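Have a look at the structure below, then the notes.
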Amino acid sequence: MPTQKIRKLVYILPLIVLFLLTPGCKYFTKTEDTQLKDANKLANEADALATKIDDAYKQAAQKDDEINAAKKDKARIKKLSDEQVTLYDQAAADARQAAEKYDQASKLKVDAKYVEYLNLRAQYMRKHGAHLAALKDLAAARLEAANKPGKASRDKQTEAKQRAERLRKEVDDLKAQADKLQKEIGDKFKTDNANANANANANAKS
């Protein structure tokens, strides 16, 4: 015969399980809040990298004007081209890192719409990285064509240019999709996270 204590446990355990599985249970809510907070942290880090990438992209684009102004000064053209290649190379690496962070954030337990947005941002950053790598190749091919004129170097430059233009269109398309979705969701998820933290702080003080 089961003891009185065992009988009590038999009755209590199902109630505990039911309590934990009840939607909105504070323990599950806390976990989801933490997941959202972590996702936002990763997304913010990726956004910071995206800003850094934009700055590098603008600096690299300005090098084109300086290279054109250098005309036949081969030493200066090489210096500027090398600087441009370095900028594109670092920006491409940052884009890959940003894509990884968006990917990590999308795998956390957050709203499906937020996951969709994070996935789009990851795709955009991966494609942006490929585009920046193509621009790096174009800069190198252009320098080679200037130093070693001929069909081979011209063909290499043409191929790099066409690849960069194709990738740019794909980048613009993905960015437009991500921007559209961002307008739809606004700051909803970050606001939810902020409210959750505020409530947690209030509960801790009471």
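Numbering (this note's numbering), first residue to last: 215 to 420. Ideal Cβ positions, reconstructed from N, Cα and C, are used throughout, including at glycine. These numbers come from a predicted model, not from an experiment.
{"Check": "For Asp269, is the classification buried or exposed, using 16 other Cβ atoms within 10 angstroms of its Cβ as the cut-off for buried?", "Outcome": "exposed"}
{"Check": "Are the Cβ atoms of Gly343 and Ala309 separated by less than 8 Å?", "Outcome": "yes"}
{"Check": "Grab the span of the alpha helix (DSSP H) containing Asp387 for me, first residue to last.", "Outcome": "365-399"}
{"Check": "Going by other Cβ atoms of all chains shown within 10 Å of its Cβ, with 16 needed for buried, is Lys288 buried or exposed?", "Outcome": "exposed"}
{"Check": "Taking DSSP as the reference, what is the three-state secondary structure of Leu322?", "Outcome": "coil"}
{"Check": "For Asp401, count neighbouring C-beta atoms within 10 Å of its own C-beta (all shown protein chains included) and say buried if the count is 16 or more, exposed if not.", "Outcome": "exposed"}
{"Check": "Among residues of its own chain, excluding the 5 on either side of Ala313, which ones have a beta-carbon nearer than 6 Å to its beta-carbon?", "Outcome": "Ala336, Met339, Arg340"}
{"Check": "Does the pairing of the region 293-310 with the region 363-381 give three or more beta-carbon distances under 8 Å?", "Outcome": "no"}
{"Check": "Suppose contacts are defined by Cβ-Cβ distances below 8 Å. Is Tyr331 in contact with Gln396 by that definition?", "Outcome": "yes"}
{"Check": "How about Leu256 and Tyr302: are their beta carbons less than 8 Å apart?", "Outcome": "no"}
{"Check": "Less than 8 Å between C-beta atoms, sequence neighbours within five positions excluded: which residues of the same chain meet that for Gln249?", "Outcome": "Leu322, Lys323, Val324"}
{"Check": "Go through its chain and collect everything with a Cβ distance to Leu381's Cβ below 6 Å, but skip five positions before and after it.", "Outcome": "Ala344, His345, Ala348"}
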